[in-house]
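**Q** I'd like to ask some things about the structure below.
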Amino acid sequence: MNDLEYDELTDNTLLAVEEAIEQLELDLDYESHGGLLSITFPDQSKIIINKQPPLQQLWVATKFNGHHFEWRNQQWIDNRSGSEFWQLLSDAASKQAGSPVELAPQQAGTE
Numbered sequence: 007m008n009d010l011e012y013d014e015l016t017d018n019t020l021l022a023v024e025e026a027i028e029q030l031e032l033d034l035d036y037e038s039h040g041g042l043l044s045i046t047f048p049d050q051s052k053i054i055i056n057k058q059p060p061l062q063q064l065w066v067a068t069k070f071n072g073h074h075f076e077w078r079n080q081q082w083i084d085n086r087s088g089s090e091f092w093q094l095l096s097d098a099a100s101k102q103a104g105s106p107v108e109l110a111p112q113q114a115g116t117e
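Numbering-wise (this note's numbering), the sequence shown opens with residue 7 and increments by one.
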């Protein structure tokens with residue numbers, strides 16, 4: 007993948023996360039700027055998602071640990087655990103929120 011494709015892919019992923027947060031019943035705050043998305047939970051803990059252009063990765067820092075995702079087979083995969091991005095994000099958000107949180111990209115035509 008070239009740098010332009012990487013930028014488009016990561017920008018779309020960050021936007022999809024914002025849209026998924028908007029669909030939740032849970033009141034989460036988020037702020038996005040310069041390739042970084044910060045999600046703040048009611049207990050003030052955060053999940054930070056940021057682009058890493060030199061490595062063409064997407065990094066996720068949770069209250070518990072950090073993850074480096076690489077684009078493989080049309081999805082973001084954690085290069086250590088093999089976890090898929092959306093599943094790991096939902097699991098981490100559930101832990102930090104203290105209740106089940108399901109984050110997933112919106113399907114086209116379901117708005």
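All C-beta atoms in this analysis are idealised placements derived from N, C-alpha and C, irrespective of residue type, glycine included.
Identify whether K101 lies in helix, strand or coil by the three-state DSSP scheme.
**A** Here K101 sits in helix by DSSP.
**Q** What would DSSP say about A26, mapped onto helix, strand or coil?
**A** In the structure shown, A26 sits in a helix (DSSP, three-state: H, G or I).
**Q** Identify the continuous beta strand (DSSP E) that holds Q81 and give its terminal residues.
**A** Q81 -> beta strand (DSSP E) spans 81-84.
**Q** Who are the near neighbours of L21 in its chain, counting only those whose CB is closer than 6 Å to its CB and skipping five residues on each side?
**A** There are no such residues.
**Q** May I ask you to list the residues that DSSP assigns as paired with Y36?
**A** In the DSSP output, where bridge partners are listed per residue, Y36 has I45.
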